[in-house]
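Have a look at the structure below before the remarks.
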Amino acid sequence: MRNPSSHNIRGIVFLLVIAALCAIASREFLSARKDEPLYPSSTLKTTKRLSDYFAGIRNTRADTPVYIFEGREPGGTMLVLGGTHPNEVAGFLTTYLLVENVSVSRGRLLVIPRANHSAFTTTEPGEAQPAQFEIKTAGGMRAFRCGGRFTNPLDQWPDPEVYLHFPSGQQLSGAETRNMNRAYPGRASGDFTERAANAITALVRAEKVDLVIDLHESSPEYPVINAIVAHERAMDMAALANLSLQSEGLNFALEPSPQNFHGLTHRELGDA
Ligand SMILES: [Zn+2]
Numbered sequence: 000m001r002n003p004s005s006h007n008i009r010g011i012v013f014l015l016v017i018a019a020l021c022a023i024a025s026r027e028f029l030s031a032r033k034d035e036p037l038y039p040s041s042t043l044k045t046t047k048r049l050s051d052y053f054a055g056i057r058n059t060r061a062d063t064p065v066y067i068f069e070g071r072e073p074g075g076t077m078l079v080l081g082g083t084h085p086n087e088v089a090g091f092l093t094t095y096l097l098v099e100n101v102s103v104s105r106g107r108l109l110v111i112p113r114a115n116h117s118a119f120t121t122t123e124p125g126e127a128q129p130a131q132f133e134i135k136t137a138g139g140m141r142a143f144r145c146g147g148r149f150t151n152p153l154d155q156w157p158d159p160e161v162y163l164h165f166p167s168g169q170q171l172s173g174a175e176t177r178n179m180n181r182a183y184p185g186r187a188s189g190d191f192t193e194r195a196a197n198a199i200t201a202l203v204r205a206e207k208v209d210l211v212i213d214l215h216e217s218s219p220e221y222p223v224i225n226a227i228v229a230h231e232r233a234m235d236m237a238a239l240a241n242l243s244l245q246s247e248g249l250n251f252a253l254e255p256s257p258q259n260f261h262g263l264t265h266r267e268l269g270d271a
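Taking numbering that gives the first Met the number 0, I'd label the letters of the sequence shown as residues 0 to 271.
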């Protein structure tokens, strides 16, 4: 018969090993909730929070910084959104570059690099997405998180069978209820994602934004790859932007925003 005290010691050692493994895994899991620091350029005037425009998201993972740059001369106001879909790296990385390098001489530029902040705290391992990536910079290696396409289920769950868009009544599959780019214009009394979209719509109104650019990536099989999708009110400006891009050797398509496809920035903020 074995000595019972050796059983106890083995059991305690086993539990300690499990506890150590849990601590290591938890640390990595919780690190996904930390925002990497950004270092704004010298034309930054102030930094606000999205909850300054709609208090209904204060102290939630929907709240996120709004970087406001201002030139010396008066002019229009532009809002650039990154991270509506944090699995689309080019979208949010462009806004990080803007925040750190932009020089505004006229008008105002507002940048929200993590528009769906909650979706940055989750990943898409089933899609073979890396949790983070690194870029070599003059100041050393910098690591950036990848997020998921949808709001973190910890913030909004369960999904309904059918997602009914407000106010159009458009029906989409249930998971789309956590897709920020199907939630616009949002609503103050809505679910987590609708409230986050409502905060951005409130910002557009409060800051009298003239132009909104929402940056995305697209899968190769979609027609909106290398394309600007523009509301009919913005079509002239989008065409000029495309000509400007073409003059620099960048061939982009120009797609009209579908009038009956609701919840997207280019439709709902254009209609607002
Ligand atoms: Zn997208």
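Where is the CB? At the ideal position from N, CA and C, for every residue including glycine. As the structure is a computational prediction, the values presented were derived from the model and not from experiment.
1. Under 9 Å, Cβ to Cβ, is there at least one residue of chain D near arginine 194?
2. Could you check which residue in Leu171, Ala174, Thr192, Ser188 has the C-alpha nearest to that of alanine 182?
3. Less than 8 Å separating the Cβ of histidine 215 from some heavy atom of ligand 1?
4. Tell me the rounded alpha-carbon separation between arginine 148 and asparagine 180.
5. Within its chain, find whatever has a CB closer than 6 Å to the CB of alanine 198; leave out the 5 residues flanking it on each side and keep chain order.
6. Scan the region 204 to 249 and note each continuous alpha helix (DSSP H) run of 4 residues or more that stays entirely inside, going in chain order.
7. Spatial neighbours of valine 110 within its chain, please: CB distance less than 6 Å, with the 5 preceding and 5 following residues excluded, ordered by chain position.
8. Does the beta carbon of threonine 192 fall short of 8 Å from some heavy atom of ligand 1?
9. Given the structure, does asparagine 180 come close to ligand 3, in the sense that its CB is under 8 Å from one of the ligand's heavy atoms?
10. Indicate the three-state DSSP secondary structure (helix, strand or coil) for serine 172 in the structure shown.
11. State the Cα-Cα distance for the pair serine 294 and asparagine 178, rounded to the nearest angstrom.
12. Looking at the secondary structure, which residues open and close the alpha helix (DSSP H) in which phenylalanine 251 lies?
13. On a CA-only basis, which of Leu43, Ala89, Leu202 is nearest aspartate 62? Give me that one, please.
14. Could you tell me which uninterrupted beta strand (DSSP E) segments, each at least 3 residues in length, are contained entirely in the region 52 to 83, listed from first to last along the chain?
The short version:
1. Although the question refers to chain D, the structure presented lacks it and comprises just one protein chain.
2. Here residue 182 corresponds to residue number 183 of the sequence shown, with the count starting at 1. Nearest Cα to alanine 182 within the set Leu171, Ala174, Thr192, Ser188: Thr192.
3. Indexing the sequence shown from 1 puts residue 215 at position 216. At least one heavy atom of ligand 1 sits closer than 8 Å to the Cβ of histidine 215.
4. In the sequence shown, counting from the first residue as 1, residue 148 sits at position 149. In the sequence shown, counting from the first residue as 1, residue 180 sits at position 181. The straight-line gap from Cα to Cα measures roughly 10 Å.
5. Here residue 198 is taken as the residue at index 199 of the sequence shown, counted from 1. Answer for alanine 198: Leu49, Tyr52, Phe53, Ile56, listed in chain order.
6. Correct list: 234 to 246.
7. On the sequence shown, residue 110 is found 111 positions in, with the first residue counted as 1. Closer than 6 Å at Cβ, skipping near neighbours: Tyr66, Val79, Thr94, Leu97, Val98.
8. On the sequence shown, position 193 is the one that residue 192 refers to. In terms of side-chain proximity, the C-beta atom of threonine 192 is found no nearer than 8 Å to any non-hydrogen atom of ligand 1.
9. Absent from the structure shown: ligand 3. Ligands present: ligand 1.
10. Numbered from 1 along the sequence shown, position 173 holds the residue referred to as residue 172. Here serine 172 sits in strand by DSSP.
11. As displayed, the chain neither begins before 0 nor continues past 271, which places residue 294 out of reach and without an answer.
12. Sequence index remark: in the sequence shown, residue 251 carries index 252 (1-based). No alpha helix (DSSP H) holds phenylalanine 251; DSSP gives it neither H nor E.
13. For the purposes of this step, residue 62 is identified with residue 63 of the sequence shown, where counting begins at 1. Its Cα nearest to that of aspartate 62, the residue Leu202 stands out among Leu43, Ala89, Leu202.
14. Taking only runs of at least 3 residues, the beta strand (DSSP E) segments lying wholly in the region 52 to 83 are 64 to 69, 72 to 80.
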